[in-house]
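2 protein chains.
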Amino acid sequence: MNNYSKQREIILNVIKDMHTHPTAEEIYEKVHDVDEKISKSTVYRNINILVDNGKIRKISMPSGSDRYDYFHKIHNHIVCEKCGKVFDFNFEIPKELREVINSQLHNKITLTDNIKINGICNDCMDSSKIK
Amino acid sequence: MNNYSKQREIILNVIKDMHTHPTAEEIYEKVHDVDEKISKSTVYRNINILVDNGKIRKISMPSGSDRYDYFHKIHNHIVCEKCGKVFDFNFEIPKELREVINSQLHNKITLTDNIKINGICNDCMDSSKIK
DNA sequence: ATTAAATTAGGAATTATTCCTAATTTTAGA
DNA sequence: TCTAAAATTAGGAATAATTCCTAATTTAAT
Chain A
201 MNNYSKQREI ILNVIKDMHT HPTAEEIYEK VHDVDEKISK STVYRNINIL VDNGKIRKIS
261 MPSGSDRYDY FHKIHNHIVC EKCGKVFDFN FEIPKELREV INSQLHNKIT LTDNIKINGI
321 CNDCMDSSKI K
Chain B
201 MNNYSKQREI ILNVIKDMHT HPTAEEIYEK VHDVDEKISK STVYRNINIL VDNGKIRKIS
261 MPSGSDRYDY FHKIHNHIVC EKCGKVFDFN FEIPKELREV INSQLHNKIT LTDNIKINGI
321 CNDCMDSSKI K
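Line by line, the protein sequences are chains A and B.
So the first sequence is residues 201 to 331, counted in the numbering used here.
So the second sequence is residues 201 to 331, counted in the numbering used here.
In structure tokens, the structure reads:
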């Protein structure tokens, strides 16, 4: 199979169990709890492999470390532009939007059902009002 | 007004004239052509200020440096997950999607009309077939 | 079993970005 | 216009996240 090292299996399972959109560092900490021999470079390397294999998704952040997410089911992310908090939402790109995009881009790209929408969360909205 | 330093004005104009989704480094290089006295820290600092002011947008990249874009008109981005190429497309979040999101998130976040959709561009798709 | 390929730990190196400081520029008010 | 306060700058040091390097080990394939 694809995950033939003990380390990779542990790393994948840790990510599978975390529902908090963890950073690589946070994943490393959990992995370390399971097996303290696993090095940080192994965690980073395997995270990248798992992203390439489509087992997990990377959420690029406007600032700070990127976050990762096990692909439990189709869902997408909304990220607060100010604090980076990540929210899940369920939405599949509808045919019409897919067609709009394909015609605008002359079919130059194949969508991967991975959408990130930005916003400003209520907490950040409130604190900017105070200023 | 908001842009009261000569440097910030030059930086904004440089970004305005670039239609290539440049990195901070690429912006710095152009700025340096205009005025070689402007330092890299000034470019980075002002890029962040311009993003905060909503004059330009940051496009968080899956790998490599983030990219920036002058906000000429409402548009959004599709990013190739493999090579990072950025494509523009014109699309405003339709009411229905906005409502779906708001109800799912219990109005916890205000959308900022800034969407990133991932995909795999034809070049990367072709080269992965060869493998 | 044997060999080749893949993976690992650990730490060094890299890269992008932010931070620091003293000097300069800009702004706002009298 | 003059002056004081606030904002900004250049330049380089510091930071933080991630990737790279290497020899040793593990896994896979025959």
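Positions of the beta carbon are idealized from the N, C-alpha and C atoms, including for glycine.
Minimum Cβ-Cβ distance from residue i to chain B less than 8 Å
{"i": "I332/A", "result": "There is simply no residue 332/A to check, as chain A begins at 201 and stops at 331 in what is shown."}
{"i": "N318/A", "result": "yes"}
{"i": "I330/A", "result": "Because I330/A carries a pLDDT of 39, less than 50, the predicted location of this residue cannot be relied on, and the following value inherits that uncertainty. Not an interface residue."}
{"i": "N253/A", "result": "no"}
{"i": "K295/A", "result": "no"}
{"i": "I256/A", "result": "no"}
{"i": "I227/A", "result": "no"}
{"i": "Y204/A", "result": "no"}
Closer than 8 Å to chain A by CB, residue i
{"i": "V300/B", "result": "yes"}
{"i": "I211/B", "result": "no"}
{"i": "N246/B", "result": "no"}
{"i": "T220/B", "result": "no"}
{"i": "Q333/B", "result": "In the structure displayed, chain B extends from 201 to 331; residue 333/B sits before or after that span and is not available."}
{"i": "M201/B", "result": "A caution first: M201/B carries a pLDDT of 47, below 50, which makes its placement in the model too unreliable to give a value."}
{"i": "I315/B", "result": "yes"}
{"i": "T223/B", "result": "no"}
{"i": "T310/B", "result": "yes"}
Counted within 10 angstroms of its Cβ, other Cβ atoms place residue i as buried (16 or more) or exposed
{"i": "E281/B", "result": "buried"}
{"i": "P262/B", "result": "buried"}
{"i": "H272/A", "result": "exposed"}
{"i": "H176/B", "result": "As shown, chain B starts at 201 and ends at 331. That puts residue 176/B outside it, with no answer to give."}
{"i": "K258/A", "result": "buried"}
{"i": "D269/B", "result": "buried"}
{"i": "N290/B", "result": "exposed"}
{"i": "P222/A", "result": "buried"}
{"i": "N314/B", "result": "buried"}
**Prompt:** Which ranges would you report for the beta strand (DSSP E) in the region 232 to 270 of chain B if only whole runs of at least 3 residues count?
**Reply:** If we require 3 residues or more, the beta strand (DSSP E) runs fully inside the region 232 to 270 of chain B come out as 256 to 259, 267 to 270.
Using a beta-carbon distance cut-off of less than 7 Å, what residues from the region 258 to 291 of chain A approach chain B?
-> Those would be K258, S260, M261, P262, I278, C280, E281, F287, F289, N290, F291, in chain order.
| request: Check whether the region 297 to 304 of chain A touches the region 265 to 283 of chain A, taking contact to mean three or more Cβ pairs, one atom from each stretch, closer than 8 Å. | output: Using a C-beta cut-off of 8 Å, the region 297 to 304 of chain A makes no contact with the region 265 to 283 of chain A, since fewer than three inter-stretch Cβ pairs fall below that distance.
Do the region 309 to 320 of chain B and the region 202 to 213 of chain B touch if we need at least three Cβ pairs shorter than 8 Å? Taking a cut-off of 8 Å on C-beta distances, the region 309 to 320 of chain B does not touch the region 202 to 213 of chain B, as fewer than three cross pairs fall below it.
Check your understanding: Quick one: any contact between the region 230 to 250 of chain A and the region 231 to 248 of chain B, if contact means 3 or more CB pairs under 8 Å?
Key -> When C-beta atoms of the region 230 to 250 of chain A are compared with those of the region 231 to 248 of chain B, fewer than three pairs fall below 8 Å, so the two segments do not count as touching.
For a minimum of 4 consecutive residues, which ranges assigned as the alpha helix (DSSP H) are wholly contained in the region 299 to 331 of chain B? With a minimum length of 4 residues, the continuous alpha helix (DSSP H) runs that stay inside the region 299 to 331 of chain B are 322 to 330.
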